[in-house]
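A.B. asks: Here it is: the structure, laid out below.
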Amino acid sequence: MYDKSNIFAKFLSGEVPVKKIYEDEYAIAFNDINPQAPVHVLVIPKGEYTSFEDFSAKASDAEIAGYVRAIGKVSRQLELDKSGYRLLVNMGANGGQEVPHLHTHIFGGAKLGRMVTVDNTPKS
Ligand code: AMP
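Everything in the sequence shown is counted per the numbering used here, starting at 36 for the first residue and increasing by one.
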């Protein structure tokens, strides 16, 4: 079930204002509130999809193509296409997904170090 009260849903409905750095028919993009790199942008689809799992199973071909193209356009708009960047989609508990609306992180502006860190902290 899609939770309409998540913060990204509120950005899309206009209930909570957000400074969009990109918008088209399928997606919007905005800066992450807690940046983990000099450039850290989130791109979200306009449709109500909780996660990559949900989106990849249920979105139309047009929505999938539109979303992927939007990510590319934002990356070029940010002039990351020559220097390079990293895309990240966290999915579910092990992925560390916090906001239950699909979002793709775009990181750039510096060398990004290790790709994945496994959390070895003992479970309490
Ligand atoms: P994830 O762990 O992949 O679900 O990432 C959620 C991301 O959303 C985190 O990087 C947060 O910093 C970011 N975030 C949460 N609330 C906001 C907000 N109000 N505006 C922008 N980014 C946010």
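By construction, the Cβ of each residue, glycine as well, lies at the ideal position given by its N, Cα and C atoms.
(1) Look up Glu58 in the DSSP assignment and give the residues it is bridged to.
(2) Under 9 Å, do Phe87 and Leu122 count as touching if we go by C-beta distance?
(3) Quick one: using the 10 Å Cβ neighbour count with 16 as the cut-off for buried, is Ser110 buried or exposed?
(4) Counting beta carbon pairs with one atom in the segment 91-104 and one in the segment 123-133, are three or more of them shorter than 8 Å?
(5) Do you know offhand how far His160's Cα is from Met150's?
(6) Any heavy atom of ligand 1 closer than 8 Å to the CB of Leu47?
C.D. replies: So, from the listed chains and residues:
(1) Ile63
(2) no
(3) buried
(4) no
(5) Nothing in the structure corresponds to residue 160, since the chain is present only between 36 and 159.
(6) no
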